[in-house]
Amino acid sequence: MLKLSRLYANNNSIFPDIIFRDGLNIIFANVTKEQKDKSSHSLGKTTLLELLNFSLLKQIDKSFFLKNKVFEDFIFYLEIEYDSNKFVTIKRPVKGKICIHSVSIKDKLNYLDDKDWDFSSLSLKKAKEIFDSIVFIKDLRKNDFTFRNGLRYCLRKQTQYENTFKVNASRETDSAWKPYLAQVLGINSILVKEKYAANKQVESIKNAIKQIESLPQESTQSLEAEIAQLGAHISRMQAELDKFDFRKADTEINSELIDNTSLQVSDFNKKLYEIDQRLHAINESLRTEFSFDLDKVVELFGEVEIHFPDQLAHSYHDLINLNTQMSEGRKIRLKSAKKKLLKERKSTEEYLSLATEKQKELASILLQKDAFSKYKVMQARLSREESRLAVLQERVEKLDYASSLSDRLESAVSSQSDAAKLLEKATRVRENAQMKHAVEVFSEIVEYVLSMSAFIFTNTNSEGNIEFKIGLKDQTSVNDGFSYTRTLSAIFDITLLSIHSNDSFYKFSYHDGLFESLDDRVKFKLIDKMREISESHGLQFIISVLDSDIPISETGERSYFSQDEIIRELHDEGNSGRLFRMPAF
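As numbered in the UniProt record's numbering, the sequence shown has no gaps in its residue numbers, which increase by one up to the final residue, 585.
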């Protein structure tokens, strides 16, 4: 079962504990006269419902109130009684992983470290699975439902009274909620699911037929002939590609090879030649020596009997020394120039080698350039033809498939019809004790509270799908206003809890703003009936009530709830009167 025990947080001064009890649980909001024209939502009477839903592992989005920064450090604990004197607590921080722990006594667990919980560091999905395995709700798990399925009839906001059975105003499909409600009312949910599955199958086949009808009207025979012709053509193209010889490619050389690489090779060769010529000249110069023998000159003068003056000999000695010195300096300069030229020659040879290799590489690539172009063109043509072949083959497959679709559609429609017949039979009250019980309880409460005759029933619509309805003998009375729909929706929720009060089922409901705009006589009767049913069946009926919605008795006094029934009192005279005792957020 699922009964609320206690809701608390890690900051008791801002969010004091809320203890739930059997019977009425009133969230009482007192708004002063000066504030009557202002909204009471800032007090938190509606926020508590959302907080309970969050603690019961609701998936939230960025618009949820706890996404406000002021709550980022909050941790909430919800203690739930899941069997007689057996309790499980869900620890859910606004930011962080979820923990779950079960105990045999009521105990606040905010002192426990995460590692000491039975289950810690849980994702939302995993936490739901574990909680489902602990809290046993009748007929849920064996029919592939979770505890979250039934919460729509336990937590009803002010905006959710208009849709008595669906509750949520979202765009969810009927198949998302009707199977569960059918099961709760004693109708085999498998029949409901099978009917929706049959609907889906019929719709799928019809859509397939529409797609085929939109195809070009061609015969299977002509398509197969075209496929054969195209297949042969593709085979020839593939064979040609397989034996393609790149060596037979054109050898035209482009401008990059001529204007760049080849010119570089030529320039480097020219430079090497110039360097070699200069080196040769230097080597020749180095081999040439200065030669002047003064003794032979003197001897020659003697032979011709001419005197060679000493002063002239001295001048010749100076000239020889000068020329010798000049020759030595010239040799040094020539050797230095030779060294630089040899170094330049080495680097030029290296550049020439690189340029030559590049020339060879480019030549190799260029020899195959046109071959690659031709190969690419052939590949592209082959790819297009293969795509065309695939399209034609798909058309043939669809035409073949179309020939069987009519038979399949007929079979699917027959299955759909059979499912509808079985479902129609299952919706009859006479053979459904659970539904019969629900009708009796609902009708009795409505008659007592609203003084009108009403009943709930199920049937199938023109498409054979299940419908949930409220039947009224005096239809005009419902047209008096939304307040009747609000009351009927609340009574339906109470009915579900009542007929399953002896089962392992949900044991609580929360109705936000239930008494707003109701006639005081209706309020008195509804309070009496809710008090009676909750106390006699061990149920918890949580109601948020504004001071102005408290019914006025015949003596003119407001009939307030007992202090035992008020589990949280709110007011607008400061932060202490809010659900969260802090400035409005």
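Note that the Cβ used here is the ideal one computed from N, Cα and C, for glycine as well.
Computed from a prediction, not measured in an experiment: that's the story for all the values here.
Within a 10 Å sphere around the beta-carbon of A9 sit 16 or more other beta-carbons, which makes this residue buried. In the three-state reduction of the DSSP assignment, D512 falls in the strand class. Collapsing the DSSP output to three states places D83 in a strand. The beta carbons of V441 and M435 sit about 11 Å from each other, so the pair does not count as a contact at 8 Å.
Per DSSP, Q540 is one residue of the beta strand (DSSP E) stretching across 540–546.
Looking from the CA of S204, the closest CA among S443, L488, R408, D549 belongs to R408. Each residue's CA atom was taken as its position, placing R278 and K243 some 56 Å apart. N163 and H511 have their C-alpha atoms roughly 14 Å apart.
Under the three-pair Cβ rule at 8 Å, the region 515–524 does not count as touching the region 4–18. Note on the region 145–223: whole alpha helix (DSSP H) runs with a minimum of 4 residues are 178–184, 189–213, in chain order. Pairwise C-beta distances place the region 166–174 out of contact with the region 121–131, as fewer than three of them are shorter than 8 Å. Contact between K178 and I470 is absent: CB atoms are separated by about 16 Å, not below the 8 Å threshold.
When the alpha-carbon of I494 is set against those of T485, K125, K507, D116, the nearest one is in K507. If the five residues before and after A337 are omitted, its C-beta is found closer than 7 Å to the C-beta atoms of I282, all from its own chain and listed in chain order. Looking at the DSSP output, L78 bridges to L7, I90. At a Cβ-Cβ threshold of 8 Å, L223 and R395 count as neighbours. Non-local beta-carbon contacts of N188 in its own chain, meaning distances under 8 Å to residues more than five positions away in sequence, involve A182, A426 in chain order. The beta-bridge partner set that DSSP reports for V377 is empty. DSSP places R568 in the strand class (E or B) of the three-state scheme. In chain order, C99, S120, S121 place their CB closer than 7 Å to the CB of D114, counting only its own chain and leaving out the 5 sequence neighbours on each side. Taking the Cα positions, S504 is about 7 Å away from F136. Put simply, the backbone Cα of K125 is about 10 Å away from that of F131. Look at V135 here: in three-state DSSP terms it is coil, with no helix or strand label. Here the alpha carbon of E397 sits roughly 58 Å from the alpha carbon of Y484.
Between R21 and Q563 the beta-carbon gap is near 12 Å, outside 8 Å, which marks them as no contact. Per the coordinates, the alpha-carbon of S104 lies some 6 Å from the alpha-carbon of F87. Our two residues, R287 and E349, have alpha carbons roughly 27 Å apart in a direct line. In the DSSP assignment, A433 falls within the unbroken alpha helix (DSSP H) covering 433–450. Exclusion of the five residues before and after L49 leaves L155, K157, Y510, D512 as the residues of its chain whose Cβ lies within less than 7 Å of its Cβ.
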